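So the protein lines, in turn, are chains A and B. Residues in the first sequence are numbered from -18 upward in steps of one, following my numbering. Residues in the second sequence are numbered from -18 upward in steps of one, following my numbering. Note that the Cβ used here is the ideal one computed from N, Cα and C, for glycine as well. Keep in mind that this is a model prediction, so the values were computed, not measured.
Number of protein chains: 2
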Amino acid sequence: MTDRMDLLADAAIEVVAAHGMRGLTHRAVDAEAGVPPGSTSAYFRTRKALVEGLVQRLADLDDAEITTARLDHLAVDGPADVDRLAEGVAALLDHWLTVGRSRSLARFACLLEATHHPELRTILAHGDRPRAQARAVVALAGSTDPDRDSRALVAFVDGLLFDRLAGAGVTTAPPPGTPESRDQLRHAFRAALLGVLRG
Amino acid sequence: MTDRMDLLADAAIEVVAAHGMRGLTHRAVDAEAGVPPGSTSAYFRTRKALVEGLVQRLADLDDAEITTARLDHLAVDGPADVDRLAEGVAALLDHWLTVGRSRSLARFACLLEATHHPELRTILAHGDRPRAQARAVVALAGSTDPDRDSRALVAFVDGLLFDRLAGAGVTTAPPPGTPESRDQLRHAFRAALLGVLRG
DNA sequence: ACCTCGTTTCTACAGTTGTAGTATCGCGGC
DNA sequence: GCCGCGATACTACAACTGTAGAAACGAGGT
Chain A
-18 MTDRMDLLAD AAIEVVAAHG MRGLTHRAVD AEAGVPPGST SAYFRTRKAL VEGLVQRLAD
42 LDDAEITTAR LDHLAVDGPA DVDRLAEGVA ALLDHWLTVG RSRSLARFAC LLEATHHPEL
102 RTILAHGDRP RAQARAVVAL AGSTDPDRDS RALVAFVDGL LFDRLAGAGV TTAPPPGTPE
162 SRDQLRHAFR AALLGVLRG
Chain B
-18 MTDRMDLLAD AAIEVVAAHG MRGLTHRAVD AEAGVPPGST SAYFRTRKAL VEGLVQRLAD
42 LDDAEITTAR LDHLAVDGPA DVDRLAEGVA ALLDHWLTVG RSRSLARFAC LLEATHHPEL
102 RTILAHGDRP RAQARAVVAL AGSTDPDRDS RALVAFVDGL LFDRLAGAGV TTAPPPGTPE
162 SRDQLRHAFR AALLGVLRG
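Structure (structure tokens):
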């Protein structure tokens, strides 16, 4: 709502990204935001309120972002279109892995949290908008079951994101932000899209 | 190590699945395991030890499971093989979503945790074994870059799993365990595999 | 200058959690 | 029967966290 609340919610996102849900305390947010101790507790009286504020802030930030990064106008009816779309999604993933890294981590943490706190689910309609975009794409491409296919496609993209954020494998991925990373992501998404389209 | 430790670690997995990492306390584990209060604190003196024990237990359980569910012997050189493999993976996913639901949730929570606790990463070499299996599959199928492709494939499968566990979309998925759910998973994995193979 | 009211800052306190130390138990050997 | 000792159960306490309420502040009007 107010500036100060946004400031605190942003700090809360950083805290969660850095120390997990467990580290999310009123005092930790105060410290992260550089405000006098007690401030967070004043604006978000209970911890539940703090979590809800954080989730709401994530949703708002996504709303702001989605208007600047629209992909659903990219019709796909030829190989060139597929490549163009893959380029766009790779750029988006790259963004989520670098400047948006904290937000991505916080989002996954909140999604897990929403598993046992249904009230978060309504705020965090995660993937609904991406899914709608994906639905448009696969529908235009002639999918026989756009709901199912778009859901799978979004799940794949989330999987790619999660893997790069938290994947702890032997095979090390190139650091996000590099051309090689972008290339891998583009290639992977292209494969997923093609697989879904001509499944 | 000992029985009692395994019992407690298993209870810890349930606690994390039900209440998240934040709910993981010595006393909560005591309650979940139905042991006298203080027991967990005696076996895992510090909280760090408790989460390490939990992660180790997850890894051990996976080890036990992997020997019973091998998929890498399934060579893929024709459409029939692809279908067979997709059937196997769908069954595995179904298993992870039903009887193994808590473990799957706990695993994702721990992966997120490992982001800021490197010592967990060594224990939880998540996806290494699946990745090795996937690598064998894509290599046999003639991939030009098996490391990259298998990584993508595993990421896709994880994405599917995460989506069914924590996805909070409008498009509701059929409940896990039903034939429709299996069918969707089979279809989705098939698409991913085909996309990766003939990328 | 002074009051008003919303915002911000500070303080207190009860409940929870992490951790370590002490007591009790159960059983195999003397 | 009694002893020793490892495994288990209990207790205590300091630190941390959530929450509420009281104090200080500051801009805008009179």
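Contacts that H7 of chain A makes with chain B (C-beta to C-beta distance below 9 Å) | Going along chain B, no residue has its Cβ under 9 Å from H7 of chain A, so there is no contact; the nearest lies around 14 Å.
How about Q114 of chain B: is its C-beta nearer than 9 Å to some C-beta of chain A?
-> no
Could you pull out every residue in the same chain whose Cβ sits closer than 6 Å to the Cβ of R70 of chain B, ignoring the five residues on either side in sequence?
-> Inspection of the sequence shows that residue 70 of chain B is occupied by Val rather than by Arg. Excluding sequence neighbours, V70 of chain B sits near F170.
Under 8 Å between beta-carbons, which chain B residues line up against H97 of chain A? List them in chain order, please.
-> A(-1), H0 and G1
Apart from the five residues on each side of it in sequence, which residues of its chain come closer than 7 Å, Cβ to Cβ, to A14 of chain B?
-> L(-12), L(-11) and A(-8)
Tell me whether H7 of chain A is buried or exposed, calling it buried when 16 or more other Cβ atoms sit within 10 Å of its Cβ.
-> buried
Measure the C-alpha to C-alpha separation of R129 of chain B and A(-2) of chain B and round it to an integer number of angstroms.
-> 31 Å
In terms of alpha-carbon separation, which member of B:H97, B:L142 and B:A45 lies closest to K29 of chain B?
-> B:H97
Which residue's Cα is closest to the Cα of L35 of chain B: B:V16, B:A95, B:S162 and B:R110?
-> B:A95
Closest by CA to L146 of chain A, which one among A:R163, A:I104 and A:R82?
-> A:R82
Could you tell me the distance, in whole angstroms, from the CA atom of R88 of chain B to the CA atom of L39 of chain B?
-> 7 Å
Just mark A136 of chain A as buried or exposed, buried being the case when its beta carbon has 16 or more other beta carbons within 10 Å.
-> buried
Nearest candidate by alpha-carbon position, reference L31 of chain B, set B:D11, B:L42, B:A45 and B:P17 | B:D11
Quick one: does H(-4) of chain B have its CB under 9 Å from some CB of chain A?
-> Sequence check: residue -4 of chain B is Val here, not His. No, no contact with chain A.
In chain order, what residues of the segment 31 to 46 of chain A put their CB closer than 7 Å to some CB of chain B?
-> none
Taking C-beta to C-beta, are L93 of chain B and R179 of chain A nearer than 9 Å?
-> no
For E68 of chain A, I'd like the list of residues in its chain whose CB is within less than 8 Å of its CB, leaving aside the five on either flank, ordered along the chain.
-> R167
How would you write the range of the alpha helix (DSSP H) that D11 of chain B sits in, first residue to last?
-> H7 to A14
Could you name the residues of chain A that F25 of chain B contacts, counting a contact when the two beta carbons are closer than 9 Å?
-> Correct list: empty, because the minimum Cβ distance to chain A is about 16 Å.
Just the chain A side, please: which residues come within less than 8 Å of L86 of chain B by C-beta, in chain order?
-> L93 and T96
How is T125 of chain B classed by DSSP in three states: helix, strand or coil?
-> coil
How about R3 of chain A and R3 of chain B: are their beta carbons less than 9 Å apart?
-> yes
Would a check of beta-carbon distances place R163 of chain B closer than 9 Å to chain A?
-> no
Please go through the segment 59 to 131 of chain B and give each complete alpha helix (DSSP H) segment of 4 or more residues, from N-terminal end onward.
-> 60 to 78, 82 to 95, 99 to 104 and 109 to 121
List the endpoints of the continuous alpha helix (DSSP H) containing M(-14) of chain A.
-> D(-16) to H0
Give me the Cα-Cα distance between P99 of chain B and G1 of chain A, rounded to the nearest whole angstrom.
-> 14 Å
C-beta atoms of D139 of chain B and D144 of chain A nearer than 9 Å = yes
For R179 of chain B, the three-state DSSP class (helix, strand or coil) | coil
Apply the 10 Å Cβ neighbour rule to T21 of chain B and answer buried if 16 or more other Cβ atoms are within range, or exposed otherwise.
-> buried
What residues of chain A sit near T152 of chain B, judged by a beta carbon separation below 7 Å?
-> R112, D128 and R132
Output yes or no for whether 9 Å exceeds the beta carbon distance between L106 of chain A and S131 of chain A.
-> Reading off the sequence shown, one finds Ala at residue 106 of chain A, where the question assumed Leu. The answer is no: Cβ separation not under 9 Å.
Limits of the alpha helix (DSSP H) - the one that A23 of chain B falls within | S20 to Y24
Could you check which residue in B:T(-17), B:V119 and B:R(-15) has the C-alpha nearest to that of V63 of chain B?
-> B:V119
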